[in-house]
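The numbering of the sequence shown is the numbering used here, which starts it at 7 and goes up by one.
Beta carbons: idealized from backbone N, C-alpha and C, even for Gly.
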Amino acid sequence: MIVDIPVPVFRIGSIIVIFVQLTVSYTMSSESYNYTEERNKILQEERMKFIGNDLILTDNEMKANEIILKVKKTELNEGYDNESTFLASQHFFKAKNKIERSEMFNIIKKIPKGGSLHTHYLSGVSADFIINNITHRKNIYGCDLNGVFKLRFLEDATNDTTCNWKKLEDYRKENSNFDDWLRKQLILDVENPYEEYPTADSVWAKFKKIFSTQYDMVCYKPVFEIFIYQLLNELYSDNVIYTELRGTFMPLYELNGKIYNSKEFMKIFINTVERFKKNFPDFVGVRYIHSIYRGLTIENLTLQLDELTKLKKLFPNFVAGFDLIGREEEGHCLFEIHQLLSKYSENLKFYFHAGETNWFGHTDLNIIDAVLLNSSRIGHGFGLNKHPVVTRLAKDKNICVELCPISNQVLMLISDPRNHPMIGLMAEGFPVVICNDDPSAWGTIGLSYDWYVAFMAMTSENDGIRVLKQFALNSILYSAMEDEEKEAAVRIWEKSWQEFIDYIILHHK
Ligand SMILES: [Zn+2]
């Protein structure tokens with residue numbers, strides 16, 4: 007290849023324009039030049055850069071890879087012929103039922119996925135379970151408070167004048183479809199999402215109401231225990247063996263008026279996790295990421311961080327660190343409070359949501375601060391590709407992005423996940439871990455739906471089992487566990503992984 011670089015200079019008024027024009031003269035006709043070979047070299051180099059593709063597979067994994075690629079390509083080929091059949095590019099609410107019938111999805115469901123590292127526990131239990139197993143319990147009341155339907159357990163509603171409480175059984179007597187209506191208060195899932203939620207503002211408004219509806223109900227201590235246990239059950243049933251849950255200290259209460267403090271809350275949480283682990287010994291465990299609403303006053307923020315520092319000392323293996331949550335357009339940006347945050351960095355690790363936005367030069371700048379503050383991972387990092395210097399720095403610091411494709415679509419950062427900005431970074435080998443964010447709000451259980459969308463819409467048609475294996479490994483390697491715990495978790499995971507490989511070879515000939 008011969009490259010000539012002439013440099014023409016033009017003058018327009020007082021402005022000098024320099025054109026650097028590359029004239030490339032390929033000696034394509036020469037015998038030594040093989041066009042296809044050059045093309046294949048580029049493809050191979052790109053393939054090797056994509057995350058997971060440097061993993062070396064066993065013979066059985068190679069066989070499973072062929073099977074998985076065949077299934078993946080069958081679905082893709084249908085999409086190439088008729089784009090309307092391609093499920094991973096459609097709005098998730100419209101595609102969900104069809105995804106559940108997809109062969110690829112059903113394979114993904116069986117994959118041992120390792121950990122779920124970005125799940126908000128208040129939206130971690132399916133609405134069906136809540137309706138059937140929590141809202142039919144005794145002493146549950148509901149009421150409309152400023153346009154939000156609130157749920158709460160009360161011994162005697164007349165003692166609580168904060169709202170005009172009415173028993174749910176009375177609501178049900180008046181309206182035989184009450185449970186269907188209540189379900190809609192607990193999820194975002196609707197038939198026509200683009201009409202129901204025309205803007206990000208409108209979808210966030212409904213999203214916040216969901217949390218508000220559930221909050222008091224889940225604070226009832228017996229329900230909190232059932233709730234967390236079920237959350238772990240739903241993850242575990244989707245072949246997840248570890249999770250890091252984001253939330254706040256909830257003021258758990260009893261019907262007699264007793265309120266548990268944050269230390270007691272932690273103990274109740276940990277005991278529930280231990281009970282689950284006892285019943286399912288290959289479930290590795292849970293870490294807690296304290297999540298503070300970014301709209302809090304500095305005073306309250308400081309109080310919470312002080313309290314969390316104390317709790318971290320009391321429960322060092324449970325408390326991983328903290329995060330700031332809520333829409334990044336609302337409340338403090340990280341730069342504004344970086345000095346305050348730095349003071350806590352000795353005792354607490356950071357797991358910041360950052361760059362969950364479409365803006366450029368605005369709230370996306372949280373990513374810069376998340377990286378400078380040594381956040382252990384970045385939640386979403388949706389705007390990361392706009393910041394090449396920060397991306398390089400994040401990669402050097404080995405900071406992983408928690409990629410939540412369904413959340414990003416439902417909350418209107420992107421309509422078609424094939425255009426997701428993290429694809430370009432994954433193509434450069436940037437580490438990601440697939441997360442579900444708020445599964446119950448999307449009407450899902452576990453991680454499989456996000457894995458499906460990521461695998462089908464965000465990886466190449468030639469990316470098979472290596473990328474799936476890397477997703478799972480990343481969820482352990484980039485977790486908050488200590489090194490020896492990670493090793494133990496990988497050993498448990500590997501056993502299930504081998505079983506999965508055997509299953510695929512046996513059942514998909
Ligand atoms: Zn989140």
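Check	Outcome
Taking DSSP as the reference, what is the three-state secondary structure of Met7?	Reliability of the predicted coordinates at Met7 is poor, the pLDDT of 42 falling under 50, and the value obtained from them is presented with this limitation in mind. Coil, per DSSP.
Any heavy atom of ligand 1 closer than 7 Å to the Cβ of Asp443?	yes
From Leu409, Arg383 and Ile482, pick the residue whose C-alpha is nearest to that of Lys1; which is it?	This structure cannot speak to residue 1, because the chain is shown only from 7 to 515.
Quick one, which of Thr369, Leu160 and Thr363 has its alpha-carbon nearest Pro427's?	Thr363
Using a Cβ-based criterion (distance less than 7 Å to any ligand heavy atom), does His124 qualify as near ligand 1?	yes
Report the CB separation of Gly332 from Arg300 in whole angstroms; it is logged as a contact under 8 Å.	5 Å
Would Phe282 and Tyr294 qualify as a contact pair, given that the criterion is a beta-carbon distance under 8 Å?	no
What residue from Tyr350, Trp365, Gln345 and Met272 has the CA that sits closest to Asn323's CA?	Met272
Can you tell me which of the three DSSP states Ser485 falls into?	coil
Compute the Euclidean distance between the alpha carbons of Lys215 and Tyr221, then round it to the nearest angstrom.	10 Å
Within 10 Å of its beta-carbon, does Glu505 have 16 or more other beta-carbons around it, so buried, or fewer, so exposed?	exposed
Just grab the DSSP bridge partners of Ile276 for me.	According to DSSP, which records beta bridges pairwise, Ile276 is partnered with nothing at all.
With distance defined between alpha-carbon atoms, name the residue in Lys475, Tyr458 and Val496 nearest to Arg107.	Tyr458
At the level of alpha carbons, what is the spacing between Phe477 and Tyr509?	19 Å
Count the other CB atoms within 10 Å of the CB of Met54; is the residue buried (16 or more) or exposed (fewer)?	exposed
Give a single yes or no on whether Gly332 has its beta carbon closer than 7 Å to a heavy atom of ligand 1.	no
Any chance the CB of His296 is under 7 Å from a heavy atom of ligand 1?	no
Please indicate yes or no: does the CB of Gly528 lie closer than 7 Å to some heavy atom of ligand 1?	The structure shown does not extend to residue 528, since the chain spans only 7 to 515, so no value can be given for it.
With distance defined between alpha-carbon atoms, name the residue in Asp469, Phe255 and Ile265 nearest to Glu313.	Phe255
For ligand 1, any of its heavy atoms closer than 7 Å to the Cβ of His359?	yes
Buried or exposed, going by whether 16 or more other CB atoms sit within 10 Å of the CB of Leu194?	buried
Measure from the alpha carbon of Leu347 to the alpha carbon of each residue in Thr167, Gln310, Glu336 and Gln191, then state which is nearest.	Gln310
Report the start-end ranges of each beta strand (DSSP E) in the region 163-248 that is 3 residues or longer and not cut off at the edges.	none
Could you tell me which residues DSSP puts in a beta bridge with Thr125?	Leu251 and Asp443
From Asn404, Ser466 and Asn414, pick the residue whose C-alpha is nearest to that of Asn480; which is it?	Asn404
For ligand 1, any of its heavy atoms closer than 7 Å to the Cβ of Gly385?	yes
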